[in-house]
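In what follows, a single structure is set out as structure tokens and then discussed.
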Amino acid sequence: MKLSLYNFSILSLIFSSLFVFSCKNDPVKHEKPVFDQIKVKQQFIKANQQVVVKESDEMDYYQRSHHMAFIKTNGGIRYFVYKPSLKGDSIKNGDIIKMNYTVSLFDGTECYSSKTTGAREFKVGMEDLEDGLHKAVVYLKAGDKALIMIPSHLAHGLLGDSKKIPPQSPIMYDVEILSVKKQLNSYD
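What follows is the structure in structure tokens.
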């Protein structure tokens, strides 16, 4: 695996902060460790902000180069309905949806697909899937075909999925919503 200077810096920051938090030489002195914790926290915040900006730039580039009118949500997810449904049900948290999907990286590398695993069925807002997927499907309805760009912090984060998705990688979902089962106790 190739580490860029940026990724190496992030990993170094993580390991050094773990070292700082795990080392407690003098339990009587509290001022310096508290200051160090604040400083490390500020460094993490700054590093995360840089990742968010970098990924947003990648998404902007993808959108421009593919000439697609993605809609950007407040959370940083982007979606583009390329084949809208004319009469499908809207999706809400708590609904059970069934969808075909392909997950890929922005360079086109396909990671996962329902072609090999079968359609995915899950309860929106309740299942152990990428948080970004749950947040994105509520903008769709049954029958829609859409592309969804999910930033890494709403997908697999700093570490990736340890299988096919590398660390700090935004992902692209190509989805087709096959069905929406409304739940009586769904929440908004």
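If you want our numbering, it's the position in the sequence shown, counting the first as 1, plus 1.
Here a beta-carbon is modelled for each residue, glycine too, at the ideal position from N, C-alpha and C.
Check                                                                                                              : Outcome
Reduced DSSP secondary structure (H/G/I, E/B, other) of Met173                                                     : strand
Coarse secondary structure for Tyr113, derived from DSSP in three states                                           : strand
Lys190, DSSP secondary structure in three states                                                                   : Outside the shown range of the chain (2 to 189) lies residue 190, about which nothing can therefore be said.
Beta-carbon proximity check, Leu155 vs Pro168, cutoff 9 Å                                                          : no
Nearest-angstrom Cα separation, counted from Gln43 out to His157                                                   : 22 Å
Those runs of the alpha helix (DSSP H) which lie wholly inside the segment 125 to 155 and span at least 4 residues : 132 to 138
Assigned secondary structure, Ile72 (DSSP; H/G/I helix, E/B strand, else coil)                                     : strand
Exposure of Asp61, with buried meaning 16 or more beta-carbon neighbours within 10 Å                               : exposed
Same chain only: Cβ atoms within 8 Å of Ser115, ignoring 5 sequence neighbours per side                            : Met100, Asn101, Tyr102, Thr103, Arg121
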